[in-house]
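Take a look at the structure below.
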Amino acid sequence: MTYLTLRRPVANPFKFYNSLFTPLFARPETQEYKWRPSADITETDDSFEVRAELPGVTKDDVQISVKENLLTIKGEKRQEKTDDSKDFRQVERHYGSFERKFALPPKVETDSIKAEFKDGVLTLSIPKPEEAKPKEIPIIAQSAADAPQES
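Numbering (this note's numbering), first residue to last: 192 to 342.
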């Protein structure tokens, strides 16, 4: 006995799967895409560090500001001039303006924030306020003679 089910032929067997990945591969003319650079935030005892990947962006195209404990990194990645004689088959690099915002802890001294831009990576070093830094609490040892006596 054969368990074969006959179905209507499908015009495009990958149509369902293509619809799943449309947001990833959509062309700019069919879907608006806002470029959002990736960022890592790390913490040490003395500071926070924000590292944002900005490939193809120059330091002159980036602005950093702090207002009401909100750190804002914004800028623009400019599109390279294209050669009209080339027929592009696929374009995956994104261009345009971007903006990232990060909430800072209270009482951060914004005048002490340092920014470095090297090889397409923006690194911000944000010092912690003194009260946020870890403090070591000493342990005082009591001798048996100093311990309170139970009666």
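Ideal Cβ placement from N, Cα and C applies to all residues, glycine included.
Kindly indicate which residue of the options has the alpha-carbon position closest to the one of residue i.
i, options, result
"A230", "I264, D236 and K258", "I264"
"P246", "L262, G266 and N260", "G266"
"V253", "E300, F239 and T314", "T314"
"P297", "K250, R227, K258 and R242", "K258"
Please state whether DSSP places residue i in a helix, a strand or coil.
i, result
"D236", "coil"
"T249", "coil"
"E271", "coil"
"D302", "helix"
"E322", "helix"
"K225", "coil"
How would you write the range of the beta strand (DSSP E) that residue i sits in, first residue to last?
i, result
"S256", "V253 to K258"
"L261", "L261 to K268"
What does a CB cutoff of less than 7 Å around residue i pick up in its chain, not counting 5 residues either side in sequence?
i, result
"Q378", "The structure shown does not extend to residue 378, since the chain is modelled only from 192 through 342, so no value can be given for it."
Just to confirm my understanding: we take residue i, look at its own chain, exclude 5 residues before and 5 after, and list those with CB closer than 6 Å. What are they?
i, result
"T233", "E240"
"F293", "L262"
Fill in: Validate contact between the segment 277–286 and the segment 319–330 using beta carbons, cut 8 Å, 3 pairs
Contact between the segment 277–286 and the segment 319–330 is not established, with fewer than three Cβ pairs separated by less than 8 Å.
Fill in: Segment contact flag, the segment 326–335 with the segment 301–312, C-beta cutoff 8 Å, min 3 pairs
Short answer: they don't touch.
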